[in-house]
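Residue numbers (UniProt numbering), protein chains in the order written: chain A, 1 to 357; chain B, 1 to 357.
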Ligand SMILES: Nc1ncnc2c1ncn2[C@@H]1O[C@H](COP(=O)(O)OP(=O)(O)OP(=O)(O)O)[C@@H](O)[C@H]1O
Ligand SMILES: Nc1ncnc2c1ncn2[C@@H]1O[C@H](COP(=O)(O)OP(=O)(O)OP(=O)(O)O)[C@@H](O)[C@H]1O
Ligand SMILES: [Mg+2]
Ligand SMILES: [Mg+2]
Ligand SMILES: [Mg+2]
Ligand SMILES: [Mg+2]
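Spelled out as structure tokens, the structure:
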């Protein structure tokens with residue numbers, strides 16, 4: 001069996017490693033700034049758990065391997081200019097956008113994109129970091145450090161945010177999980193719900209979009225597509241060519257998790273329809289110390305990443321899964337008592353969404 | 001977080017390690033004959049994944065740690081003489097037995113235990129290795145190398161074999177999985193089924209037995225109790241003070257697997273009722289090379305231990321789980337096609353048992 005090297009050694013790399021045991025794969029996450037060049041064999045596989053990586057001896061070594069999967073795709077997706085260009089070329093709906101040149105003005109942007117324009121760094125943004133709003137009514141200019149480094153997007157008055165996680169193998173076989181409803185607070189994912197019958201009619205539309213993206217790029221592995229829903233139309237917000245936080249619920253709610261699915265794809269093992277069970281909800285643990293009482297809540301699996309606690313930091317997640325939605329709701333009520341007050345809105349949102357269907 | 005050292009580094013140790021990630025525990029399985037003494041910290045925990053271990057510098061080092069859980073229990077259970085004595089002392093039903101002394105004769109054994117007597121090595125037997133039948137009609141003697149090294153058991157005309165996997169924490173809290181029906185072929189476990197409504201009425205009896213054993217010994221962690229069912233009475237065949245092959249189905253069929261449950265118990269994290277979902281069946285992969293087509297069978301999770309293939313060797317297991325028994329049956333039919341002819345009886349047995357309820 002080849003070793004699967006993972007560029008990046010955060011929680012996604014760790015969960016890939018966790019998913020590897022039943023497949024008898026050896027998965028080795030690697031920090032970009034680690035000291036020693038890993039000894040990679042000719043038949044080994046290299047995959048990634050992050051969208052950007054610094055240029056270091058390690059990242060150069062990993063990404064120059066023959067077994068580096070999707071080598072020519074990451075650059076195109078990691079730079080929003082190229083990613084948006086690709087979406088336009090494929091005629092896949094996405095928020096209208098312009099590049100922010102060195103001589104762009106706020107007025108240009110408002111003329112072309114409307115009164116509310118969101119600047120996003122071409123590279124490196126995550127969790128809503130690397131964004132800047134331009135509201136015409138406020139008359140602000142483009143800050144100097146954004147000139148030549150960003151794109152500008154039209155503000156989309158979306159109804160809600162959905163994501164689709166899918167996988168493609170080297171033969172072009174594709175599988176998809178059901179659409180996931182996501183709540184972001186201040187740009188950071190707080191909760192996901194899947195499946196959701198009221199958006200099931202959008203599943204074919206979403207699969208066609210992500211399928212086209214994966215096929216046209218020859219992508220192999222798991223890819224996540226973040227979407228805005230506007231009525232019955234989906235617009236791509238952004239792509240993540242890796243396992244994705246909005247797919248963490250698949251650890252509890254699917255026969256094959258997104259982590260195992262990714263490993264199957266990159267290592268040439270067969271994909272399988274993920275066979276989703278019951279209702280799943282995922283709550284992200286952001287900046288909150290673990291409370292071991294979470295471990296006693298029925299129908300619940302807690303993932304604690306073992307990182308130092310810092311405000312705003314992703315420290316773990318809690319998967320709730322059960323065939324009966326009312327059992328999921330009871331678990332959520334118990335967890336609500338055990339999380340700080342800033343989670344009130346999150347639990348309220350989940351409850352409302354679960355009752356809506 | 002303390003490290004949890006595991007004495008033994010086979011598949012059980014690996015699956016404990018796999019279960020540790022969400023708990024942010026560092027689990028380190030250790031081979032008894034590895035070269036370097038691990039550097040164990042004062043607050044670290046030592047547990048085991050095997051019932052017997054050779055006396056090596058490593059095993060002496062691990063088992064002399066202050067954090068070695070159940071230190072005084074393993075010896076009592078690893079020697080069938082002490083284990084059976086303990087069961088008798090607790091008035092827990094077990095096959096009638098005698099010690100095989102240096103001067104015991106087959107005639108003594110038949111007089112005391114009946115026409116069919118099973119010799120078992122006091123220590124070290126597994127998968128039915130370390131057994132010798134004495135049938136009075138055949139007039140055989142006790143082989144010389146069994147004198148002083150074995151016990152003799154009455155043959156139990158059992159209806160079937162059931163096991164109970166439970167866990168106890170240091171405060172005496174206990175949880176149990178449902179009784180599991182096991183098929184052994186030539187002394188080796190081939191398949192398990194759980195839950196099974198037709199044996200649910202025996203659950204309180206089984207829990208009382210295992211609960212008494214764990215409480216009286218002050219045991220902490222997962223323990224498995226192998227039983228014979230004779231009508232509505234359970235008799236203990238043997239105890240395994242560790243995670244157990246007949247509990248592997250809990251990886252797919254319970255909210256907390258036996259591996260996670262064991263880690264929770266030994267590391268002082270709270271236990272939780274395991275919340276069993278749907279119908280589970282486990283098929284052991286014995287002496288058969290992995291076929292990657294198994295990975296495509298719906299409702300199925302394959303564990304491949306990555307060991308060299310040898311006849312009679314446990315190489316992996318396949319968990320089938322689904323809320324609907326007919327889906328489980330369909331998966332079994334697909335797997336049946338993909339396993340060799342010696343599995344025909346196994347699949348026939350499972351099918352029969354699933355249809356019986
Ligand atoms: N064009 C837009 N109109 C309205 N809201 C937007 C737009 N683009 C982004 N947002 C909001 O900002 C959030 C973060 O945006 P985006 O996903 O592009 O950023 P990110 O920092 O890359 O996030 P992630 O952590 O998902 O990688 C979105 O989930 C959405 O709530
Ligand atoms: N007293 C008995 N009467 C009839 N059959 C028995 C008896 N004891 C054992 N057996 C049969 O032999 C099998 C193996 O026995 P036992 O569990 O004691 O051996 P083992 O080698 O320790 O197995 P394991 O791999 O479970 O540790 C039992 O599962 C049962 O099928
Ligand atoms: Mg992003
Ligand atoms: Mg995003
Ligand atoms: Mg045994
Ligand atoms: Mg046994």
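In this text, a Cβ means the ideal position worked out from N, Cα and C, and glycines have one as well. Computed from a predicted structure; not experimentally measured.
- Not a single heavy atom of ligand 1 lies less than 6 Å from the C-beta of residue 305 of chain A.
- The Cβ-Cβ distance between residue 164 of chain B and residue 206 of chain B falls below 7 Å.
- Among the residues of the stretch 244–256 of chain B, those with a Cβ less than 9 Å away from any Cβ of chain A are 251, 252, 255 and 256, in the order of the chain.
- If you ignore the 5 residues before and after residue 50 of chain B, its C-beta comes within less than 8 Å of the C-beta of 7, 8, 10, 12 and 242, all in its own chain and listed in chain order.
- Below 8 Å, too few C-beta pairs join the stretch 259–267 of chain A and the stretch 179–197 of chain A to call them touching: fewer than three.
- In terms of CA proximity to residue 301 of chain B, A:274 leads the group A:287, A:158, A:274 and A:339.
- Per DSSP, reduced to three states, the secondary structure at residue 110 of chain A is helical.
- Closest by C-alpha distance to residue 20 of chain A, out of A:3, A:125, A:327 and A:190, is A:3.
- Residue state for residue 249 of chain B is assigned as coil, using DSSP reduced to three classes.
- If you draw a straight line from the Cα of residue 341 of chain A to the Cα of residue 333 of chain A, it is about 13 Å long.
- The beta carbon of residue 296 of chain B sits closer than 7 Å to some beta carbon of chain A.
- If you draw a straight line from the Cα of residue 306 of chain A to the Cα of residue 315 of chain A, it is about 7 Å long.
- Assignment of residue 149 of chain B by DSSP, reduced to helix, strand and coil, places it in the coil class.
- Among the residues of the stretch 171–186 of chain A, none has a Cβ less than 9 Å away from any Cβ of chain B.
- Proximity to residue 120 of chain B across B:69, B:348 and B:96 peaks at B:96, based on C-alpha coordinates.
- Taking 7 Å as the cut-off, the Cβ atoms of residue 337 of chain B and residue 309 of chain B do not count as close.
- Look at residue 301 of chain B here: in three-state DSSP terms it is strand.
- The three-state secondary structure of residue 122 of chain B, taken from DSSP, is coil.
- Not one beta carbon of chain B lies nearer than 7 Å to the beta carbon of residue 9 of chain A.
- C-alpha of residue 69 of chain B to C-alpha of residue 171 of chain B: approximately 14 Å in a straight line.
- Going by beta carbons, residue 25 of chain B and residue 292 of chain A fall outside the 7 Å limit.
- Around residue 304 of chain B, the beta-carbon contacts reaching into chain A at under 8 Å are 22, 23 and 24.
- For residue 126 of chain B, the number of other beta carbons within 10 angstroms of its own is below 16, and it is reported as exposed.
- The three-state reading of DSSP puts residue 65 of chain A in coil, since its state is none of H, G, I, E or B.
- For residue 325 of chain A, the secondary structure class from DSSP, reduced to helix, strand or coil, is helix.
- In the structure shown, residue 80 of chain A adopts helical secondary structure according to DSSP, grouped into three states.
- Following the DSSP letters along the chain, one finds residue 129 of chain B in no alpha helix (DSSP H), marked with neither H nor E.
- Near ligand 6, residues with a Cβ at less than 7 Å from any of the ligand's heavy atoms are B:226, B:237 and B:238; the list follows chain order.
- Nearest to residue 154 of chain B by C-alpha distance, out of B:27, B:283, B:237 and B:58, is B:237.
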